[in-house]
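>
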Amino acid sequence: MLGSTTLGMAGRWSSGVGLGVLVIALYGVFVTAVFGGFASYMTRTAWNTEARALNPDAPDLDGLFHLTRREDALNEAITATQAQLSEIDELISVALEELDQVAIERTVVEGDRQHAALVSLSEMRGVIDLFSEDAAIKVRAVISPSDVPAVVQVGQLMELAPELDLTPGLSADRAASVQALLIAASDRMVAMDRTLADLDLRQMTNERARDRHEAARVWPESQMTGFLEELTVLKKEIGPNSPERARIGGIKHIFWGIPYMLVGFPTIFLTLLVTIAAGGLGAVVAFSRTILRGGGEASMSSLLVSVGEGIAAAMAIFLFSGAGMLALAQGTDGAASLELSPYTVAFVAFISGFMAEDAFASIQGAGKRYFAATDDQTSAAAAQPLATA
Numbered sequence: 014m015l016g017s018t019t020l021g022m023a024g025r026w027s028s029g030v031g032l033g034v035l036v037i038a039l040y041g042v043f044v045t046a047v048f049g050g051f052a053s054y055m056t057r058t059a060w061n062t063e064a065r066a067l068n069p070d071a072p073d074l075d076g077l078f079h080l081t082r083r084e085d086a087l088n089e090a091i092t093a094t095q096a097q098l099s100e101i102d103e104l105i106s107v108a109l110e111e112l113d114q115v116a117i118e119r120t121v122v123e124g125d126r127q128h129a130a131l132v133s134l135s136e137m138r139g140v141i142d143l144f145s146e147d148a149a150i151k152v153r154a155v156i157s158p159s160d161v162p163a164v165v166q167v168g169q170l171m172e173l174a175p176e177l178d179l180t181p182g183l184s185a186d187r188a189a190s191v192q193a194l195l196i197a198a199s200d201r202m203v204a205m206d207r208t209l210a211d212l213d214l215r216q217m218t219n220e221r222a223r224d225r226h227e228a229a230r231v232w233p234e235s236q237m238t239g240f241l242e243e244l245t246v247l248k249k250e251i252g253p254n255s256p257e258r259a260r261i262g263g264i265k266h267i268f269w270g271i272p273y274m275l276v277g278f279p280t281i282f283l284t285l286l287v288t289i290a291a292g293g294l295g296a297v298v299a300f301s302r303t304i305l306r307g308g309g310e311a312s313m314s315s316l317l318v319s320v321g322e323g324i325a326a327a328m329a330i331f332l333f334s335g336a337g338m339l340a341l342a343q344g345t346d347g348a349a350s351l352e353l354s355p356y357t358v359a360f361v362a363f364i365s366g367f368m369a370e371d372a373f374a375s376i377q378g379a380g381k382r383y384f385a386a387t388d389d390q391t392s393a394a395a396a397q398p399l400a401t402a
């Protein structure tokens, strides 16, 4: 019995602590939102006033934020494009280095091939007397000219090899040695030709890779040129040492850029933000006052329902004010700058959140009056043709 009572008290205490933490958290969120919204609204108003006073031709705050954000986007695009170009350039460098390596290896192989051809020709000169008279004449005709490259001479000799007869009566060992020299010369040239063919394939592959990467570089390079040209034009709109740029730079990196983001929003959005936050704040205040006075249900569900109703009532007030233009603020530029006053709308939204039921009743009454008036106008419009007839 005692244990169950203790568990029940512990559960209620835990629930109460959780509810209290949630109430405090909602207070913090809504108060911060109201403060941030009004601070941003006042900052926008002051900036526009000062900018027009200093330079009537300067872009308004929305235009200024558009330009600076476009600059940021261009700088990010330039950085990304530079990284892309660097990657492509690295691939091109790899292909060019491979082509240089192929050229070096080709020089070495061609030197070895020339040396092997000279060795083969020297060996043929040493055994030329072992061929028959007709074969010896053919061999001398191939290897004698000094203006013919040794590699070409060996190639011609390999073509003649099947037709070369040895001296009749030549011993088997001597005949085998001559055949071995011809086979060795052929093997040397075949091996060198195979190596050169591999080098040709590597060269062709790397040339294609180089050409492909150079073609892929054209589009990013064209983009980079366009980005740089647009960035130059934008920087002429706002000078690098202009007070507008200095002011924006001063808030861009404060609190993770949140003030910069809020000030850049249109005033109607800031008014909506303040309206919602004020409605939620009024609902939390009403809930906490009711609980402290011992009335109402102290639960998270009832708190969340109250906050939801407060926000809904605040949004209804915002829409109703916007549709009827009940609260206006006269701007500095005449009728074109008329807009909803965030102070009046936020105050009404706070009251609506604080007295959500009364707010909904008022909204319902306004809706009934609106639809009643609409029905009367419709009936009058339908009766007019009858009266005319």
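Residue numbers for the sequence shown follow the working numbering, so the first one is 14 and each next one is one higher.
In this text, a Cβ means the ideal position worked out from N, Cα and C, and glycines have one as well.
Fair warning: this is a prediction, and the values are worked out from it, not measured in the lab.
Just to confirm my understanding: we take A46, look at its own chain, exclude 5 residues before and 5 after, and list those with CB closer than 7 Å. What are they?
Walking along the sequence shown from the start, residue 46 turns up at place 33. Closer than 7 Å at Cβ, skipping near neighbours: L286 and A290.
> From the DSSP secondary-structure annotation, give me the bridge partner or partners of A104.
The sequence position of residue 104 within the sequence shown is 91, counting from 1. The question names Ala, yet the displayed sequence has Leu at residue 104. Bridge partners of L104: none, in fact.
> Tell me the DSSP secondary structure of L183 in three-state form.
Within the sequence shown, the letter at position 170 stands for residue 183. If DSSP states are grouped into helix, strand and coil, L183 belongs with coil.
> Pull up the distance between the alpha-carbon of R57 and that of D75, whole angstroms please.
The residue labelled residue 57 in the question sits at position 44 within the sequence shown. The residue labelled residue 75 in the question sits at position 62 within the sequence shown. A direct Cα-to-Cα measurement between R57 and D75 gives close to 9 Å.
> Taking the alpha-carbon positions, what's the D178 to F144 distance?
To locate residue 178, count along the sequence shown from 1; it is residue 165. To locate residue 144, count along the sequence shown from 1; it is residue 131. If I take the Cα positions, the gap works out to 6 Å.
> Check whether the Cβ atoms of P233 and L98 sit closer than 8 Å, and answer yes or no.
Walking along the sequence shown from the start, residue 233 turns up at place 220. Walking along the sequence shown from the start, residue 98 turns up at place 85. Yes, Cβ-Cβ distance for P233 and L98 is below 8 Å.
> Is the segment 201-217 touching the segment 108-127, taking contact as three or more C-beta pairs under 8 Å?
yes
> If you compare alpha carbons, which of A359, T303 and A204 is closest to E123?
Walking along the sequence shown from the start, residue 123 turns up at place 110. Between E123 and the set A359, T303 and A204, the nearest pair of CA atoms involves A204.
> Suppose contacts are defined by Cβ-Cβ distances below 8 Å. Is M202 in contact with A129 by that definition?
Your numbering for residue 202 matches position 189 in the sequence shown. Your numbering for residue 129 matches position 116 in the sequence shown. Cβ distance < 8 Å, so M202 and A129 count as in contact.
> What residue range does the alpha helix (DSSP H) around R306 cover?
Working through the sequence shown from its first residue, we reach residue 306 at position 293. Counting along the chain, R306 falls outside any alpha helix (DSSP H), and DSSP gives it neither H nor E.
> Identify, in the order they occur along the chain, each residue of the same chain with its Cβ nearer than 7 Å to the Cβ of G49, setting aside the five sequence neighbours on each side.
Taking the sequence shown and counting its residues from 1, one reaches residue 49 at position 36. The answer, listed in chain order, is L275.
> Under the three-state reduction of DSSP, which class applies to S312: helix, strand or coil?
Here the question's residue 312 lines up with position 299 in the sequence shown. The answer is coil: DSSP assigns S312 none of H, G, I, E or B.
> Only counting the same chain, and skipping five residues up and downstream in sequence, which positions put a Cβ closer than 7 Å to that of E84?
Taking the first residue of the sequence shown as position 1, residue 84 is located at position 71. Closer than 7 Å at Cβ, skipping near neighbours: L244 and L247.
> Reducing DSSP to helix, strand and coil, say where D211 ends up.
Looking up residue 211 in the sequence shown gives position 198. Helix at D211.
> Between which two residues does the alpha helix (DSSP H) carrying E146 extend?
Walking along the sequence shown from the start, residue 146 turns up at place 133. Here the alpha helix (DSSP H) through E146 covers E146 to I156.
> Taking the CB atoms as reference points, tell me whether T288 and A359 lie closer together than 8 Å.
As a position in the sequence shown, residue 288 is number 275, starting the count at 1. As a position in the sequence shown, residue 359 is number 346, starting the count at 1. In this structure, T288 places its C-beta atom within 8 Å of the C-beta atom of A359.
> Taking Q114 as the reference, which of E220, S315, A385 and S255 has the closest Cα?
Numbered from its first residue, the sequence shown carries residue 114 at position 101. Comparing Cα-Cα distances from Q114 to each of E220, S315, A385 and S255, the minimum goes to E220.
> Roughly how many angstroms lie between the CA atoms of P158 and E110, to the nearest whole one?
In the sequence shown, the residue the question calls residue 158 occupies position 145. In the sequence shown, the residue the question calls residue 110 occupies position 97. Each residue's alpha carbon lies about 39 Å from the other.
> For the ligand ATP, is there a heavy atom less than 7 Å away from the beta-carbon of D142?
No copy of the ligand ATP occurs in the structure displayed, which carries no ligand at all.
> Please report the residue range of the alpha helix (DSSP H) in which L170 lies.
Locating residue 170 in the sequence shown gives position 157, counting from the first residue. That run of the alpha helix (DSSP H) goes A163 to L173.
> Can you tell me whether L247 is helix, strand or coil according to DSSP?
Numbered from its first residue, the sequence shown carries residue 247 at position 234. Looking at L247 - three-state DSSP - the assignment turns out to be helix.
> State buried or exposed for I196, treating a residue as buried only when at least 16 other CB atoms are found within 10 Å of its CB.
Within the sequence shown, the letter at position 183 stands for residue 196. So I196 ends up on the exposed side.
> Hey, could you find the ends of the alpha helix (DSSP H) L177 is sitting in?
If you number the sequence shown from 1, residue 177 lands on position 164. Note, L177: premise wrong, no alpha helix (DSSP H); not H, not E.
> Less than 8 Å between C-beta atoms, sequence neighbours within five positions excluded: which residues of the same chain meet that for V87?
What you label residue 87 is simply residue 74 of the sequence shown in a count that begins at 1. First, the amino acid is wrong: residue 87 is Leu here, not Val. Cβ neighbours of L87 beyond the five flanking positions: F240, E243, L244 and L247.
> To the nearest angstrom, how far is it from the Cα of T238 to the Cα of L112?
Here the question's residue 238 lines up with position 225 in the sequence shown. Here the question's residue 112 lines up with position 99 in the sequence shown. So the two alpha carbons sit approximately 30 Å from each other.
> How about L194 and V152: are their beta carbons less than 8 Å apart?
Within the sequence shown, residue 194 is the residue found at index 181, counting from 1. Within the sequence shown, residue 152 is the residue found at index 139, counting from 1. No; because the gap between Cβ atoms is not below 8 Å, this pair is not in contact.
> Can you tell me whether R302 is buried or exposed? The criterion is at least 16 other CB atoms within 10 Å of its CB, across all chains shown.
Taking the first residue of the sequence shown as 1, we reach residue 302 at position 289. Counting Cβ neighbours within 10 Å, R302 comes out exposed, since fewer than 16 surround it.
> Quick one, which of V167, H226 and E227 has its alpha-carbon nearest D200's?
Along the sequence shown, read from residue 1 onward, the residue named residue 200 stands at position 187. Residue V167 is the option with its Cα nearest to D200.
> Along the chain, where does the alpha helix (DSSP H) containing P10 start, and where does it finish?
The displayed coordinates of the chain run from 14 to 402. Any statement about residue 10 would go beyond what the structure contains.
> With 16 other CB atoms within 10 Å as the buried threshold, where does A296 fall?
The residue given as residue 296 occupies position 283 in the sequence shown. The residue in question, A296, is buried, as its Cβ has 16 or more Cβ neighbours within 10 Å.
> Flag this pair as yes or no: are the beta carbons of I150 and L134 separated by less than 8 Å?
For the purposes of this step, residue 150 is identified with residue 137 of the sequence shown, where counting begins at 1. For the purposes of this step, residue 134 is identified with residue 121 of the sequence shown, where counting begins at 1. Going by C-beta atoms, I150 is not nearer than 8 Å to L134.
> Once you ignore the five residues that flank T81 on each side, which residues in its own chain have a CB closer than 6 Å to its CB?
Here residue 81 is taken as the residue at index 68 of the sequence shown, counted from 1. Taken in chain order, the residues that qualify are I261.
> Apply the 10 Å Cβ neighbour rule to L92 and answer buried if 16 or more other Cβ atoms are within range, or exposed otherwise.
Position 79 of the sequence shown, counting from 1, holds the residue named residue 92. Reading the sequence as shown, one finds Thr at residue 92 and not Leu. Under this definition T92 is an exposed residue.
> Please state whether DSSP places P279 in a helix, a strand or coil.
Along the sequence shown, read from residue 1 onward, the residue named residue 279 stands at position 266. P279: coil per DSSP, three-state reduction.
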